[in-house]
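Chains as they are written, first to last, in my numbering: chain A, 97 to 428; chain B, 79 to 653. The block underneath contains the structure these notes are about, expressed in C-alpha cells.
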C-alpha cells in the first residue's frame, strides 16, 4: 500500500488534477507485461468473458440451445446414460449431452459461464462499492460514526458467509430472479474486507500534507474523498477485488451446488456439478466439464489477481518474498 | 376432533412415505415365478443359518407395533410382529393377496361387512413361552389409540365404533367395546361403516398382540415381545441398530409365511444411500450377505450396474402400487377450465419425464390414476392420448378453444428435494414439453417440508404441482377414496383431495364398493370408477415407479411381491 501512497504524493497532488491514474496505469501495464503467468491468465480470462458474452452466438453456431431435451440421445433403460462414446460427443453436440435429459452440454457450459462470471462480477462490484463507501465514511467521519461503522464491518467480516447465504437464499421467495439475488446476497454479506482496507488507507492518508492542505482550503468530505483519497486507494482496492472475483465464483458454485443458487433450467457450473456428482462413474465427462471450467476460471483469475497485485505494488510483493528472511533475522 | 383428524391424516402421509421405503427391496434368487428375473449369486437350496445384514438409510424408529405405520406389516417389523393377517410372501401379483397369519383363516364378515370375526391359531407363543390370546391382540389395538404412542395407521380410529373418542388403555381402563373377545381364540370387530377390505387392514402392526403385563408404554419399543421368528436382542439409537436373533418359541408349524433362514439379523441404519449401494456392489465381508430394505438404485447407479453383468445379476426388480402425477387445483385459474387441464394432459412428454425420473427401467408411463396392477383394479385407458412424447398440436387446439390462442403462462410447484419424483428434474422436463404447446411454465421450487405443507393445505394449495400417491394396501379403495371422495376434503389440516373433487355419484359408488368383500369384484368396480374420474382431467398421471435394488452376492431366495415391490426379508437366505 505504501507504493500507492507514494504515488499519490507525486507533485501537484493538491492541485487541479491527480496525475496518478495516467502514469500509474502506464507503469502498471509495464509491470504486468513482465509477468508471463499473469499475461496467460489474462488471456484466458478474456477468452472466458468473450465466450460468456457470445454464448448465444456460439450455441447458434453449434445449432443447439441449453434447455431443449433430446430424449433420443440417452439410453432410457440404463438410467438415461448418454448414447455413444465420450458422453455422446458428435458433430451436433460438441461436448456430448447431459444424462437423463439429453440437453446439450456445450450450450449449458457456455451459458453457465454467463451465470458464474456475471454473478461473481456483479457481487464483486457490489462488495467494492459498499466497502469503499463504508471505509471512507468510517475513515473520514467522526469518532462515533467510525466506531459504529467499524463494529458493523467487524460483524460482517465475522459472519460465516456460506451459512448466512444458505439461510437467506432458502428464505427468499423463488419469484426473485435467482442470479441477481445470489449476487446481491453475496455482495451484501462480503464487503467487510474492502471496508477495512479503505478505512485504514483513509486514516493514514488523512494525516498527509496534501490531504490536510485540501482540508484547510475548505474542501468537503466528498470532494476530498474523490480527488485526494480514491486515486490513492485504487491500487489496494483493485488488488483486493482481483482476488475477490475467483472467491465469488466459488461461492456461487457452492451455493448452486447446495441447491440454493440459480434454479433450473438455468445452467450454472455449480448447479451442473450438483446434478453430475452421482454420474462420476457412469458419465465422467458430465462431472469433469463444469469442474474443469471452474478450475481453469478460478486459477486464471487468481493468477491474474496476483499479477495485478505485483504490478500495482512491486515493493509489497518483494517484501513478501524477503519477509521470511527478515523475520528470521529480527526474531528477537 | 379436528385436531385428531389432522393428526391421523398427517400420519397417513408419513405412512405412505414410510410404506414406500419399507416396501422397496430387491430380490434375487432362486424362486420360481413368472415375474422372477432375479438370479441370485449361488445356486442350490436355501439353508438355515448365518447372519443377514440389513444396510438402511432410515432407522427402525419407534419399533413398537402401535407406532409403526407399515404396508402389510412392514418388512423388518414383520420379522418380530405377527399380525391377524399378512401379505402373501410370493413373487409378483400373487404376492398382493392377503393371507391369514395369527388367524386360522381370513375374517368372516357379517352385517354388511361392518362386523368382522377372526379365530386365531392355537399354539402360537410369545418369546417368553406364554400363549397368545385374542385379549393380547385387543390390548395391542387399544394401545394404538394412546396419544403417547402416536404414529400408527389412522384407519381403526376412523372406523371402529367409538374409535374417535377412545383415549387408549392408559387413560381408559374399560377398553374399547367395539373390539370383543368372547373367548381366547376369537376376536370380533364392530365398525361404523362397511369395510370390505378389512382383511387388508388387519395386516398392519397395530394388529400384533401385546401382553399387558409386559407393556411399558413408550419404553416398550426397546424390547417389544416377539411373536415372530426373531426377537429383539438389542435396539440402540432408537432403531439405528437393531439386532435380532431367533425366537425359540416361534414355530414354522403355525407360520406358513415366514421362512426365517438366517440365525441372526443385524439391521444397521443411518447410512448414505450411495454408501449402501457401494457396499452392496462391493459385497465384501459381511456385506456379501447384506440387503437393503429402503434404498433404491438411482439412475446413475443403474447405468453403472447395468454395464456390469455380475452386478446386474444382484439387482432385484419390484413394483409397488404407486402413481406419480401432475395435480391440478381447479380453484385456481386457469385450471378451473377443463379444456386447459385437457390441453396440459395432451402436452406432457412422458418419455422425458420418465427419463428425468431415472429412465424406462425405473419408471413406467401412467395414463391411469390406479397403479398398473390387477389387484388395484387396473383398467387400461388413455383419455387424452399424448403418445410417447406429447401431442402439442391437440393441446394448442384446446387452448385456442379455451380462449388462450396466444399461449398461456402457468406456475408449476415442485420440491427441491432430489427425489426423482417431485424434484426439479421432473419439473424442468415438463416445462420443456409444455413449451412446445405454447405454454410457458414458471417453476416454483420449495424446500421439501414447505412443499409438503403447502400442497396439502386446502387454503394455500398451488394451482399445479407434482404429486404422488401410494396405497396402504393393494386395493383400489385406499388409492381412490382419499384423493377423490368429497367427504374426505380436509379444510384444516392435511388434505389429499387436491382437486376438491366432490361428486355425489362418485361418493356413493365408493360406499357401494366398500361393502364388497369379494376383492376381485371390488377391483373391477374400482377400475371402472378410475376410468370415470379420469375423464374429468383432474390430474395428469405421469408414471408408476419401478424399484431396483442391489443385494449382496451371497443372498439367496429373493422374493419380491407386488404388494411391497421390495425383497422380503423373511424369505432371504444367506447360505
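By construction, the Cβ of each residue, glycine as well, lies at the ideal position given by its N, Cα and C atoms.
TODO: Check the C-beta distance from residue 367 of chain B over to residue 630 of chain B and give it rounded, since I have them as a contact under 8 Å.
DONE: 5 Å
Open item on the list: Applying the 10 Å Cβ sphere with the 16-neighbour rule, what's the burial state of residue 447 of chain B?
Closed with: buried
Task: For residue 284 of chain B, the nearest candidate out of B:135, B:604 and B:160 (CA to CA) - done: B:160
TODO: Would you please verify whether the beta carbon of residue 175 of chain A is less than 7 Å from any beta carbon of chain B?
DONE: yes
Task: Distance, residue 205 of chain B Cα to residue 324 of chain B Cα - done: 9 Å
TODO: Tell me, please, whether the segment 268-278 of chain B touches the segment 214-223 of chain B by the rule of three or more beta-carbon pairs shorter than 8 Å.
DONE: no
Task: CA-to-CA distance, residue 229 of chain B to residue 164 of chain A, given in whole angstroms - done: 44 Å
Task: In DSSP terms, what residue 639 of chain B is bridged to - done: B:170
Task: Integer Cβ distance of residue 341 of chain A from residue 216 of chain A, believed to fall under 8 Å - done: 5 Å
- [ ] Compute the Euclidean distance between the alpha carbons of residue 123 of chain B and residue 533 of chain B, then round it to the nearest angstrom.
- [x] 49 Å
- [ ] Flag residue 355 of chain A as yes if its beta-carbon sits less than 7 Å from any beta-carbon of chain B, otherwise no.
- [x] yes
Task: Classification of residue 527 of chain B by the beta-carbon crowding that lies within 10 angstroms, buried from 16 upward - done: exposed
- [ ] Could you tell me whether the segment 611-630 of chain B touches the segment 473-487 of chain B, where touching means 3 or more Cβ pairs closer than 8 Å?
- [x] no
TODO: For residue 234 of chain B, collect the residues of the same chain with a Cβ closer than 8 Å to its Cβ; drop the 5 residues on either side in sequence, then sort them by chain order.
DONE: 219, 222, 223, 241, 279 and 284
TODO: Compare the C-alpha of residue 525 of chain B against each of A:355, A:376 and A:134 and name the closest.
DONE: A:355
- [ ] Sort out for me which residues DSSP pairs residue 397 of chain B with in a bridge.
- [x] B:624
Open item on the list: Please list, in chain order, the chain B residues whose beta carbon lies closer than 9 Å to that of residue 377 of chain A.
Closed with: 378, 379, 381 and 382
TODO: Tell me where the alpha helix (DSSP H) around residue 389 of chain A begins and ends.
DONE: 380-408
- [ ] Could you check the C-alpha separation between residue 323 of chain A and residue 266 of chain A for me, to the nearest Å?
- [x] 42 Å
Open item on the list: With the cut-off set at 7 Å, would you say residue 401 of chain B and residue 449 of chain B are in Cβ contact?
Closed with: yes
- [ ] Within 10 angstroms of the Cβ of residue 258 of chain A, are there 16 or more other Cβ atoms? Answer buried if so, exposed if not.
- [x] exposed
Open item on the list: Rounded to the nearest angstrom, what separates residue 516 of chain B and residue 212 of chain A at their Cα positions?
Closed with: 30 Å
TODO: Spell out the partners DSSP gives residue 503 of chain B in its beta bridges.
DONE: Beta-bridge pairing links residue 503 of chain B to no other residue.
- [ ] Round the Cβ separation of residue 541 of chain B and residue 604 of chain B to the nearest angstrom and send it over; I've been treating them as touching at under 8 Å.
- [x] No, residue 541 of chain B and residue 604 of chain B are not in contact; Cβ-Cβ is about 28 Å, not under 8 Å.
- [ ] Check each residue of the segment 152-181 of chain A: if its Cβ is closer than 8 Å to any Cβ of chain B, include it; give the result in chain order.
- [x] Of all residues in the segment 152-181 of chain A, the ones placed with a Cβ closer than 8 Å to any Cβ belonging to chain B are 163, 164, 165, 167, 170, 171, 172, 173, 174, 175, 176 and 177, in chain order.
Task: C-beta neighbour in chain B for residue 267 of chain A, strict 7 Å - done: So, not an interface residue.
Open item on the list: Give me the DSSP bridge partner(s) of residue 488 of chain B.
Closed with: B:519
- [ ] Could you confirm whether any beta carbon from chain B is found closer than 7 Å to the beta carbon of residue 196 of chain A?
- [x] yes
- [ ] For residue 205 of chain B, name the three-state secondary structure that DSSP assigns.
- [x] DSSP, read as helix, strand or coil, puts residue 205 of chain B in coil.
Task: For residue 509 of chain B: DSSP bridge partner residues - done: Partner(s): none; residue 509 of chain B has no beta bridge.
Task: Assigned secondary structure, residue 268 of chain A (DSSP; H/G/I helix, E/B strand, else coil) - done: coil
Task: Within chain E, partners of residue 278 of chain A - CB distance below 8 Å - done: Absent from the structure is chain E; the protein chains it does hold are A and B.
- [ ] For residue 426 of chain A, I'd like the list of residues in its chain whose CB is within less than 8 Å of its CB, leaving aside the five on either flank, ordered along the chain.
- [x] Model confidence at residue 426 of chain A stands at a pLDDT of 39, short of 50, so the residue's coordinates are unreliable; what they give is reported in the following sentence. Excluding sequence neighbours, residue 426 of chain A sits near nothing in its chain.
Task: Opening and closing residue of the alpha helix (DSSP H) in which residue 243 of chain A lies - done: Counting along the chain, the unbroken alpha helix (DSSP H) around residue 243 of chain A starts and ends at 239-254.
Open item on the list: For a cutoff of 7 Å on Cβ pairs, would you count residue 286 of chain B as touching chain A?
Closed with: no
- [ ] Can you pull the chain B residues whose beta carbon is under 9 Å from the beta carbon of residue 193 of chain A, in chain order?
- [x] In chain order: nothing, as chain B lies at least about 11 Å away.
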